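Note that the protein sequences, when read in sequence, are chains A and B.
With the first letter of the first sequence counted as 1, position 274 gets the number 285 in the numbering used here; the numbers rise by one all the way through.
With the first letter of the second sequence counted as 1, position 92 gets the number 100 in the numbering used here; the numbers rise by one all the way through.
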Amino acid sequence: MSVIENVTCPVCGTLCDDLAVTVEDGFITDVKNACAIGEAKFMNFSNPNHRNLKPLIRKEGELVETSLEEAVRKSAEILVASSYPILYGWSCTGCESIRVGIELAEEVGGVIDNTSTVCHGPSILAIQDVGIPTCTLGQIRHRADLIVYWASDPYSAHPRHLERYTSFSGGRFQKSEWEHYVARLRGILGRKRISRTSERMLTKDVSMPAISGEKLPPYFETKKRKLIVVDVRKTRSAEHADFFMQVEPNKDFELLQAMRLLVKDGELEVEEVAGIPVDLMEDVVDTMIGCDFGVIFFGVGLTMSAGKHQNINSAIALTQDLNFRTKFSIMPMRGHFNVAGANIVSTWQTGYPFAVDFSQGFPRYNPGETSVVDILRRDQADAGLIIASDPVSNFPKKAAENLVKNPLIAIDPVISPTTLMADVVFPASFVGIETEGTAYRMDRVPLPMKKLVEPPQNCQSDKVILTRILEQVRLIKKENELG
Amino acid sequence: MEKVKVKLLTGRTIDQGTSKEHGKLSSEYQESVAICEIDPSDLKELALKQNSNIKISTKCGSVVVKAIESKRAPHPKVIYMPYGLWANLLIDSQTHGTGMPSFKGIPAYMEPAPDSNVLSLPELLKQVFKKG
Ligand code: SF4
Chain A
12 MSVIENVTCP VCGTLCDDLA VTVEDGFITD VKNACAIGEA KFMNFSNPNH
62 RNLKPLIRKE GELVETSLEE AVRKSAEILV ASSYPILYGW SCTGCESIRV
112 GIELAEEVGG VIDNTSTVCH GPSILAIQDV GIPTCTLGQI RHRADLIVYW
162 ASDPYSAHPR HLERYTSFSG GRFQKSEWEH YVARLRGILG RKRISRTSER
212 MLTKDVSMPA ISGEKLPPYF ETKKRKLIVV DVRKTRSAEH ADFFMQVEPN
262 KDFELLQAMR LLVKDGELEV EEVAGIPVDL MEDVVDTMIG CDFGVIFFGV
312 GLTMSAGKHQ NINSAIALTQ DLNFRTKFSI MPMRGHFNVA GANIVSTWQT
362 GYPFAVDFSQ GFPRYNPGET SVVDILRRDQ ADAGLIIASD PVSNFPKKAA
412 ENLVKNPLIA IDPVISPTTL MADVVFPASF VGIETEGTAY RMDRVPLPMK
462 KLVEPPQNCQ SDKVILTRIL EQVRLIKKEN ELG
Chain B
9 MEKVKVKLLT GRTIDQGTSK EHGKLSSEYQ ESVAICEIDP SDLKELALKQ
59 NSNIKISTKC GSVVVKAIES KRAPHPKVIY MPYGLWANLL IDSQTHGTGM
109 PSFKGIPAYM EPAPDSNVLS LPELLKQVFK KG
């Protein structure tokens, strides 16, 4: 039995790198420090009922087992024969595989797009428009005294974000609110005890004033880090917030602009904006201006609702306005563990972070035209290669339908609607469990992913599978040239 | 029974996140994803009980899922579905030049569907994509 320390969790963009995983006889038997989602991954990843364990190929409408060579050959043939293939996914694999993927996209003259196109794509558009004042999560942990989660519910999507980097984390200059909550609870209990004892002693005056309700003396109220949540529903994160603003759906833009006005000492001549009373908004803005170092974390609630990149533009503008009054940062809450890496690798290889079109022999980028949902909606693609992603589940119906009707190659460790609809399926190994690799955290800090156990017999790493397809594509192209 | 006009939000839930790791064909996954969280007052208006079948429709299509009383109320006339195939059958592919479809705040209708079943993932795939 061995315990492997400092394991990076291959699930969400928080990329916790403090997990301790117990391995016995080549199997993972325990995992410490992970949240419920991280633990579910480590304890279930090897379940054979939901793994792809053999290469599969569709024959007469049915997926049947095949050899790796046959699957590679078939995939290469599909890609060479197509004139506008899409290569999509990439957010749940290592940077090393993404790099090979880009080479493959260039070789076959296809479009390579990653899942940020349907999550933080609009954030990237906004950042390209107006820039972004941001920082690392370490700086936030140690210094931020005001945390804002806007349209993001870390409890559901990034469960350890609060504990590792924000409200419940203890930094060098910022105490953990968790300790404060516990101290507060102890304080209340202690005072109740004293009050009961004093009553028993039949004296009302034992040098302490009588307890009134749950109110504590000011020294217990030295709460430092404040938490503000803005969301369309009262999420679990909102329950812990000092201020919660329940904005009407699709009205974030109005609220952000109204807050910008207040930051600039303007006056609102209405009672409420986007369902938020102006009084509450003023309190929130005062708290934001009054902090020493604040940060806004925003989720896909902003990018996916009306306004899209304009919402992010104005959230960034609010941060910029706040920087005239105090210090403020802003950061997107990236979902999949290496979606930031997919953008970064794509940028350093092609110049563009997503939706890169190689069909003219050089990289082109025009989201709305070269983004995969639009290509599929217009039914322009004629083949697809999907890796570490499940667009059949996650794309709008029409886009998914047009993806499925073309020849489809899927590389995935697990069975998903996409692999069930594919024509060629490669069983891959899990990056960060069965294969090592590199991933970028949401604040663009690269972290190593460890190999903990051996993959099942027929499962290869994404990088190996892609490299073999690329070699085969080059071979077929050469043969075609020679006639 | 009249259809009720609502706004549909889709998003992540912790149950969807953990059950996904049990496999997308598992019953845990279906139970956590083929659902719609509805405000208690709306449930009352439709005379619906917890876990009864409800049909959600948008201009792109319709799907039958289980109605669940929202723990995040009040949010009358706003319904919430976890990400997954069931929810995405209701989403429009139009991106208005951004590459990003609208997954939140979509105009939708809901109505009780006592005579329809919630389809399993393989059934739904077969029905929609005619493959597999
Ligand atoms: S918060 Fe994210 S990275 Fe951290 S343990 Fe949970 S799933 Fe893994």
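Just so it is clear, CB atoms sit at the ideal spot from N, CA and C, and this is done for glycine as well.
Source: prediction; values computed, not measured.
Tell me residue i's beta-bridge partners as DSSP assigns them.
i: serine 15 of chain B; result: A small correction: the amino acid at residue 15 of chain B is lysine; serine does not occupy that position in the sequence shown. Per DSSP, B:Val86 and B:Pro115.
i: glutamine 471 of chain A; result: A:Ala439
i: valine 18 of chain A; result: A:Leu30
i: arginine 69 of chain A; result: A:Leu74
i: tyrosine 99 of chain A; result: A:Asp124 and A:Ile397
i: arginine 62 of chain A; result: A:Val425
i: serine 86 of chain A; result: Answer is none; serine 86 of chain A lacks a bridge partner.
i: methionine 54 of chain A; result: Paired residue(s): none; methionine 54 of chain A is not in a bridge.
i: isoleucine 239 of chain A; result: A:Val159 and A:Phe254
i: aspartate 41 of chain A; result: A:Thr33
i: isoleucine 420 of chain A; result: A:Leu396 and A:Val435
i: serine 13 of chain A; result: A:Val34
i: proline 343 of chain A; result: A:Phe309
i: threonine 446 of chain A; result: A:Val442
i: proline 130 of chain B; result: For proline 130 of chain B, which the question treats as bridged, DSSP gives no partner whatsoever.
i: isoleucine 451 of chain A; result: Reading off the sequence shown, one finds tyrosine at residue 451 of chain A, where the question assumed isoleucine. Answer is A:Pro457, bridged to tyrosine 451 of chain A.
Under 9 Å Cβ-Cβ, which residues of chain A neighbour residue i?
i: cysteine 68 of chain B; result: Pro407, Lys408 and Lys409
So residue i contacts chain A; which residues on that side make the cut at Cβ distance below 7 Å?
i: lysine 139 of chain B; result: Val415 and Met432
i: lysine 13 of chain B; result: In chain order: nothing, as chain A lies at least about 13 Å away.
i: valine 72 of chain B; result: The premise fails here: valine 72 of chain B is roughly 15 Å from chain A at the closest Cβ pair, so nothing lies under 7 Å.
Beta-carbon within less than 6 Å of residue i's beta-carbon, same chain only, minus the 5 sequence neighbours each way: which residues are those?
i: arginine 69 of chain A; result: Asp434
i: histidine 83 of chain B; result: Asp47
i: threonine 21 of chain B; result: Pro90
i: lysine 15 of chain B; result: Val86 and Gly113
i: glutamate 232 of chain A; result: Model confidence at glutamate 232 of chain A stands at a pLDDT of 48, short of 50, so the residue's coordinates are unreliable; what they give is reported in the following sentence. Result list for glutamate 232 of chain A: empty, nothing under 6 Å.
i: serine 65 of chain B; result: Tyr117
i: lysine 52 of chain A; result: Val22
i: isoleucine 222 of chain A; result: Only weak support exists for where isoleucine 222 of chain A lies, its pLDDT of 43 falling under 50; the value from the coordinates is given anyway. Result list for isoleucine 222 of chain A: Arg202 and Ser206, in chain order.
i: tyrosine 88 of chain B; result: Leu17 and Glu45
i: glutamate 16 of chain A; result: Ala31
i: valine 83 of chain A; result: Arg479, Ile480 and Gln483
Which same chain residues, not among the five before or five after residue i, have their C-beta less than 8 Å away from its C-beta?
i: glycine 372 of chain A; result: Gly120
i: glutamine 391 of chain A; result: Tyr95
i: leucine 74 of chain A; result: Leu67, Ile68, Leu431, Ala433 and Val436
i: isoleucine 48 of chain A; result: Val22, Cys23 and Pro170
i: proline 229 of chain A; result: A caution first: proline 229 of chain A carries a pLDDT of 45, below 50, which makes its placement in the model unreliable, though a value can still be read off. There are no such residues.
Can you pull the chain B neighbours of residue i, defined as C-beta to C-beta under 8 Å?
i: serine 102 of chain A; result: Per Cβ cutoff of 8 Å: no residues; serine 102 of chain A is ~14 Å from chain B at best.
i: alanine 366 of chain A; result: Gly107
i: valine 384 of chain A; result: Ser101, Thr103, Gly107, Met108 and Pro109
i: threonine 128 of chain A; result: Gly107 and Met108
Taking Cβ-Cβ distances shorter than 8 Å, what residues in chain A pair up with residue i?
i: isoleucine 76 of chain B; result: Per Cβ cutoff of 8 Å: no residues; isoleucine 76 of chain B is ~14 Å from chain A at best.
i: valine 86 of chain B; result: Val243, Arg244 and Pro260
i: lysine 32 of chain B; result: His61, Asp401, Ser404, Val425, Ile426, Ser427 and Pro428
i: isoleucine 64 of chain B; result: Simply none; closest approach about 13 Å.
i: asparagine 96 of chain B; result: Ser404, Asn405, Phe406, Pro407, Lys408 and Ala411
In chain B, which residues lie with their C-beta within 7 Å of the C-beta of residue i?
i: isoleucine 123 of chain A; result: Ordered by position in chain B, no residue passes the 7 Å Cβ test against isoleucine 123 of chain A, which lies about 13 Å from the chain.
i: proline 378 of chain A; result: Thr106 and Gly107
i: asparagine 495 of chain A; result: Residue numbering for chain A in the displayed model covers 12 to 494; residue 495 of chain A lies beyond these limits and cannot be assessed.
i: valine 14 of chain A; result: Here the premise fails: no neighbours, minimum Cβ distance about 22 Å.
Just to make sure I have the definition right: I need the residues of chain B whose C-beta is within less than 9 Å of the C-beta of residue i. Which are they?
i: aspartate 473 of chain A; result: Neighbours of aspartate 473 of chain A on chain B: none; closest Cβ ~19 Å, over 9 Å.
Output needed for residue i: all residues of its chain with C-beta closer than 7 Å, excluding positions within five of it in sequence on either side, in chain order.
i: leucine 97 of chain B; result: Gly69, Val71 and Val136
i: serine 101 of chain B; result: Pro109
i: methionine 270 of chain A; result: Met292, Val296 and Leu329
i: phenylalanine 111 of chain B; result: Thr18 and Ile99
Open item on the list: Please give the ranges of any alpha helix (DSSP H) in the segment 359-406 of chain A, keeping only runs that are unbroken, at least 4 residues long and fully inside the region.
Closed with: DSSP runs (the alpha helix (DSSP H)) wholly in the segment 359-406 of chain A: 383-388 and 402-405.
- [ ] May I ask you to list, following chain order, the residues of the segment 409-436 of chain A that have a beta carbon less than 9 Å from some beta carbon of chain B?
- [x] Under the 9 Å Cβ criterion, the segment 409-436 of chain A contributes Lys409, Ala410, Ala411, Glu412, Asn413, Val415, Lys416, Val425, Ile426, Ser427, Pro428, Leu431 and Met432.
Task: Chain-ordered residues of the segment 99-132 of chain B with a beta carbon less than 8 Å from chain A - done: Listed by position, the residues of the segment 99-132 of chain B near chain A (Cβ gap below 8 Å) are Ile99, Asp100, Ser101, Gln102, Thr103, His104, Gly105, Thr106, Gly107, Met108, Pro109, Ser110, Phe111, Lys112, Gly113, Leu129 and Pro130.
Task: Cβ-based contacts, 7 Å cut-off: residues of the segment 313-329 of chain A near chain B - done: Near chain B, meaning a CB-to-CB distance below 7 Å, the residues of the segment 313-329 of chain A are Thr314, Met315, Ser316, Ala317, Lys319 and His320.
Open item on the list: Using a Cβ-Cβ cutoff of 7 Å, what residues of the segment 35-57 of chain B are near chain A? List them in chain order.
Closed with: Hits within the stretch: zero.
TODO: Report the residue ranges of all alpha helix (DSSP H) runs contained in full by the segment 131-179 of chain A; include only those spanning at least 4 residues, in chain order.
DONE: Entirely contained in the segment 131-179 of chain A, the alpha helix (DSSP H) runs reaching 4 residues are, in chain order, 132-141, 148-154, 165-168 and 172-175.
TODO: Compile a chain-ordered list of the residues in the segment 132-148 of chain A whose CB is closer than 8 Å to at least one CB of chain B.
DONE: Flagged, chain order: Gly132, Pro133 and Leu136.
Task: Inside the segment 269-315 of chain A only - alpha helix (DSSP H) runs reaching at least 4 residues - done: Counting whole runs of 4 or more residues, the segment 269-315 of chain A contains the alpha helix (DSSP H) stretches 289-301 and 311-314.
Open item on the list: Short of 7 Å Cβ to Cβ, which residues in the segment 39-55 of chain A face chain B?
Closed with: For the segment 39-55 of chain A, the residues whose beta carbon sits under 7 Å from a beta carbon of chain B are, in order, Ala47, Ile48, Ala51, Lys52 and Asn55.
Task: Complete alpha helix (DSSP H) runs within the segment 244-272 of chain A (minimum length 4 residues, chain order) - done: Scanning the segment 244-272 of chain A from its first residue to its last, the whole alpha helix (DSSP H) runs of 4-plus residues come out as 247-250.
Task: alpha helix (DSSP H) runs contained entirely in the segment 43-108 of chain B, provided each spans 4 or more residues - done: DSSP runs (the alpha helix (DSSP H)) wholly in the segment 43-108 of chain B: 48-53 and 93-96.
Task: Proximal residues, the segment 145-174 of chain A versus chain B, C-beta separation under 8 Å - done: Result list: Asp164, Tyr166, Ser167, Ala168 and Pro170.
- [ ] Could I get the ranges of all uninterrupted alpha helix (DSSP H) runs contained in the segment 313-341 of chain A, with 4 residues as the minimum, in chain order?
- [x] Counting only runs of 4 or more, we get 320-333.
Task: Interface positions of the segment 386-399 of chain A facing chain B (Cβ-Cβ less than 8 Å), listed along the chain - done: Contacts with chain B (Cβ-Cβ distance below 8 Å) from the segment 386-399 of chain A involve Leu387 and Arg388, listed in chain order.
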